[in-house]
Amino acid sequence: MAEPEFDPRWRPTADLAHELAGQFGTPLYVIDENHFRNRIRDYISAARQADPNSEITFASKANSVLAVLKIAHSEGCLIDVASEGELRAALAVGVPASACHMHGNNKSREEIEFALSVGINQIVVDNFEEIKTLAELKATTPLVLRLAPGVLPITNEKISTGQQDTKFGFSIHDGSAEKALLQSLNSGLQVEGFHCHVGSQLLDPEAQISAGQRLAQFAAEMKSTHGFITKVINAGGGRAVRYTNESPIALSNYCQQLAQGVRRALEGTGLNPKLVQEPGRSLIAESGVTIYTIGSIKFVESPSGGTKRHVIVNGGLADNPRPAMYDAKYAVETVAGDARELGESSSATVSGRHCESDLLFDQVMLPNDLQPGDLLIVLTTGAYSSSMASNYNRYPRPATVLVRDSGPVIVQRAESYDEMLAREVLPEGI
Ligand SMILES: Cc1ncc(COP(=O)(O)O)c(C=O)c1O
0 MAEPEFDPRW RPTADLAHEL AGQFGTPLYV IDENHFRNRI RDYISAARQA DPNSEITFAS
60 KANSVLAVLK IAHSEGCLID VASEGELRAA LAVGVPASAC HMHGNNKSRE EIEFALSVGI
120 NQIVVDNFEE IKTLAELKAT TPLVLRLAPG VLPITNEKIS TGQQDTKFGF SIHDGSAEKA
180 LLQSLNSGLQ VEGFHCHVGS QLLDPEAQIS AGQRLAQFAA EMKSTHGFIT KVINAGGGRA
240 VRYTNESPIA LSNYCQQLAQ GVRRALEGTG LNPKLVQEPG RSLIAESGVT IYTIGSIKFV
300 ESPSGGTKRH VIVNGGLADN PRPAMYDAKY AVETVAGDAR ELGESSSATV SGRHCESDLL
360 FDQVMLPNDL QPGDLLIVLT TGAYSSSMAS NYNRYPRPAT VLVRDSGPVI VQRAESYDEM
420 LAREVLPEGI
């Protein structure tokens with residue numbers, strides 16, 4: 000008999016799902032601590048096996064709940080922050096600024112000043128304005144230049160960032176990258192190397208691997224033409240995870256190919272830069288789920304004939320905008336609210352409670368005997384769900400619970416209605 004295929008995604012047992020929904024309410028983000036820690040350990044070990052001079056930075060935009068940042072740092076990750084807010088979150092949980100890298104394609108002067116004042120480890124420079132600002136501020140912080148390597152990844156265009164005409168970084172192709180390097184060096188700035196991030200959820204890692212190689216070739220050229228010594232090559236994040244039935248390339252294989260490509264391009268140059276990767280999704284997405292409660296089920300006649308079953312849950316666009324933004328697909332599981340056995344499945348449409356079509360999933364297989372009150376569990380929501388959540392329709396953002404060996408604990412409580420209204424100011428006479 001064939002071995003059942005290993006499923007890399009964490010999900011709660013039915014008993015745990017009941018316990019979580021009962022104790023903390025729904026919608027609820029849930030992260031499994033052991034799963035997340037093991038992910039980080041596996042990534043760091045695969046990267047170091049492929050190249051001992053490797054470093055992993057957790058892209059905190061994927062999930063910046065404080066407990067998550069603390070775990071990532073305690074497991075040996077640096078923290079990549081893309082704004083002052085993300086930096087403040089890392090600092091608030093005791094991650095030193097010396098363990099943070101700052102990104103952002105339009106950092107304000109205030110953000111840069113703040114990052115420098117707390118002693119950020121590294122700034123990833125995106126544009127000529129930033130070079131000017133850093134020079135004016137006489138920054139001595141190590142910098143890397145974000146480059147656009149001109150590769151087109153195969154992924155949704157909204158998360159594709161490495162192509163030639165991207166808004167991110169300096170193009171190698173049109174000479175901006177070389178100009179940015181020279182301008183920075185002439186301004187007395189401490190450039191240590193180069194960065195790229197070509198896109199996210201990359202099932203075919205070809206673009207990432209060739210982008211890493213392209214950065215290394217550029218580093219070799221900058222040494223031979225300007226004597227510049229590259230100390231850091233950061234190949235970004237982007238490794239894919241399993242949402243439905245995807246099978247991303249094995250981590251060790253990916254890290255080997257990336258490291259080999261970079262080292263090959265540097266052969267004979269005498270350069271031995273640190274090889275940095277900054278994954279977000281692939282460290283935490285599969286460690287998390289979102290639990291919803293089904294509120295209503297409607298059977299509606301379809302114009303093309305037949306009946307459509309709409310299963311409507313108590314969340315949606317505001318707690319997970321990815322289906323609307325990227326047409327993202329997920330796997331869903333169900334647990335009966337009253338612990339009864341669920342029967343045969345057929346196709347259904349899952350929608351949220353917001354004031355648009357708010358489709359979460361079209362045509363997923365769900366038990367025919369689902370009822371209001373049953374739980375719907377969406378897998379692989381550890382990344383880019385809570386960090387992208389909004390208050391649309393004035394729904395408070397859900398809590399995040401961390402499942403620990405000692406039991407589940409709240410690590411971010413749900414927003415209250417009062418908190419949502421606290422920022423409002425009513426001028427006199429309105
Ligand atoms: C600069 C940068 N680095 C790293 C990441 C993390 O990407 P992922 O979560 O796909 O690994 C992103 C995601 O947008 C990014 O913009």
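At position 90 of the sequence shown the residue is numbered 89 (numbering that gives the first Met the number 0), and the sequence of numbers has no breaks.
No residue lacks a Cβ here, since even glycine has one placed at the ideal position from N, Cα and C.
Model, not experiment: these values are computed from the prediction.
(request) Alpha carbon to alpha carbon, how far is SER223 from LYS60? Give it in angstroms, no decimals. (result) If I take the Cα positions, the gap works out to 36 Å.
(request) Run the CB neighbour count on HIS172, radius 10 Å, all protein chains shown included, and call it buried at 16 or more, exposed below. (result) By the Cβ neighbour-count rule, HIS172 is exposed, with fewer than 16 other Cβ atoms within 10 Å of its own.
(request) Report the rounded CA-to-CA distance for MET221 versus GLY211, giving the unit in angstroms. (result) One C-alpha to the other measures close to 15 Å.
(request) Please indicate yes or no: does the CB of ASP41 lie closer than 8 Å to some heavy atom of ligand 1? (result) ASP41 Cβ: outside cutoff for every heavy atom of ligand 1.
(message) What does DSSP give as the partner residue(s) for LYS307 in the beta ladder?
(response) Looking at the DSSP output, LYS307 sits in a beta bridge with VAL299.
(message) Bridge partners for ASP430 per DSSP, in chain order?
(response) Given a span of 0 to 429 for the chain in the structure shown, any question on residue 430 remains unanswerable.
(request) Mark ASN185 as exposed unless 16 or more other C-beta atoms lie within 10 angstroms of its C-beta, in which case mark it buried. (result) By the 10 Å Cβ count, ASN185 comes out exposed.
(request) Starting from the Cα of TYR329, find the closest Cα among LYS297, THR380, GLU427, GLU343 and give me that residue. (result) Scanning LYS297, THR380, GLU427, GLU343 for the CA closest to the CA of TYR329 turns up THR380.
(request) Ignore the nearest five residues each way along the sequence and tell me which others in ASP79's own chain have a CB closer than 7 Å to its CB. (result) For ASP79, the CB contacts under 7 Å within the same chain, skipping 5 residues up- and downstream, are THR56, PHE57, ALA58, SER59, HIS100, HIS102, GLU277 in chain order.
(message) On a Cα-Cα basis, can you pick out the residue from PRO366, ALA335, ASP125 that is closest to GLU343?
(response) Selected option, being the one with the closest Cα: PRO366.
(request) Put LEU270 into one of helix, strand or coil per three-state DSSP. (result) Correct three-state label for LEU270: coil.
(message) In the DSSP output, what is ALA147 paired with across the bridge?
(response) In DSSP, ALA147 forms a bridge with SER170.
(request) Express the C-alpha separation of SER97 and TYR325 in angstroms, rounding to a whole number. (result) Taking C-alpha positions only, TYR325 is separated from SER97 by approximately 34 Å.
(request) Under 6 Å Cβ to Cβ from ARG263, same chain only, skipping five residues before and after it: list those, please. (result) Residues of the same chain with a CB within less than 6 Å of the CB of ARG263, apart from the 5 flanking positions on each side, do not exist.
(request) Quick one: grab the DSSP three-state call for ARG396. (result) Residue state, collapsed to three classes: coil.
(request) Taking ASP291 and PRO26 to be in contact with their CB atoms under 8 Å, please state how far apart those CB atoms are, rounded to whole angstroms. (result) The displayed chain sequence assigns Tyr, not Asp, to residue 291. Between PRO26 and TYR291 the Cβ distance is about 5 Å, and since that is below 8 Å, they are a contact.
(message) Just to confirm before moving on: does the CB-CB distance between SER209 and PRO148 stay below 9 Å?
(response) The Cβ atoms of SER209 and PRO148 lie closer than 9 Å to each other.
(message) Between the alpha carbons of TYR394 and ARG321, how many angstroms are there, rounded?
(response) Here the C-alpha atom of TYR394 lies approximately 17 Å from the C-alpha atom of ARG321.
(request) Mark ASN252 as exposed unless 16 or more other C-beta atoms lie within 10 angstroms of its C-beta, in which case mark it buried. (result) Its Cβ having fewer than 16 others within 10 Å, ASN252 is exposed.
(message) Using C-beta distances below 6 Å, list every residue in its chain close to PHE227, excluding the 5 sequence neighbours before and after it, in chain order.
(response) The beta carbon of PHE227 sits closer than 6 Å to the beta carbons of MET221 from its chain, once the five residues preceding and following it are set aside; these are given in chain order.
(request) Within 10 angstroms of the Cβ of GLN370, are there 16 or more other Cβ atoms? Answer buried if so, exposed if not. (result) Taking all protein chains in view, the Cβ of GLN370 is surrounded by fewer than 16 other Cβ atoms within 10 Å, so the residue is classified as exposed.
(request) Output the residue ranges of the alpha helix (DSSP H) runs that lie fully inside the stretch 166–246 and measure 4 residues or longer, sorted by chain position. (result) Within the stretch 166–246, the complete alpha helix (DSSP H) runs of at least 4 residues are 175–185, 205–225.
(message) Let me check you understand the geometry: is the CB of GLU83 closer than 8 Å to at least one non-hydrogen atom of ligand 1?
(response) Flag unset: Cβ of GLU83 not near ligand 1.
(request) With a threshold of 16 other CB atoms inside 10 Å of the CB of LEU420, please say whether the residue is buried or exposed. (result) Residue environment analysis places LEU420 among the exposed positions, since fewer than 16 neighbouring C-beta atoms fall within 10 angstroms of its C-beta.
(message) Pull the bridge partners of ILE438 from the DSSP assignment, please.
(response) Shown here, the chain extends from 0 to 429; a query on residue 438 therefore has no answer.
(request) Please report the residue range of the alpha helix (DSSP H) in which GLY260 lies. (result) Looking at the DSSP string, the run of the alpha helix (DSSP H) that includes GLY260 is 250–265.
(request) Verify the contact flag: TYR242, CB atom, against every heavy atom of ligand 1, threshold strictly below 8 Å. (result) It does not: the Cβ of TYR242 is nowhere closer than 8 Å to a heavy atom of ligand 1.
(request) Assuming ARG145 contacts ASP125 (C-beta within less than 8 Å), just tell me the rounded distance between them. (result) Their Cβ separation, rounded to whole angstroms, is 5 Å, which keeps ARG145 and ASP125 in contact under 8 Å.
(request) Identify the continuous alpha helix (DSSP H) that holds VAL424 and give its terminal residues. (result) No alpha helix (DSSP H) contains VAL424, which DSSP labels as neither H nor E.
(request) Taking 9 Å as the cut-off, decide whether the C-beta atoms of VAL310 and ILE283 are in contact. (result) The answer is no: Cβ separation not under 9 Å.
(message) Taking the beta strand (DSSP E) that LEU341 belongs to, which residues open and close that run?
(response) In the DSSP assignment, LEU341 falls outside any beta strand (DSSP E) and carries neither an H nor an E.
(message) Any heavy atom of ligand 1 inside 8 Å of the beta-carbon of ALA382?
(response) Checking every heavy atom of ligand 1 against the Cβ of ALA382, one is found closer than 8 Å.
(request) Rank GLY236, GLY267, ALA138 by C-alpha distance to the C-alpha of VAL197 and give the top, closest one. (result) Out of GLY236, GLY267, ALA138, GLY236 has the C-alpha closest to the C-alpha of VAL197.
(message) Any heavy atom of ligand 1 inside 8 Å of the beta-carbon of VAL231?
(response) Because no heavy atom of ligand 1 lies under 8 Å away, the Cβ of VAL231 does not count as near it: no.
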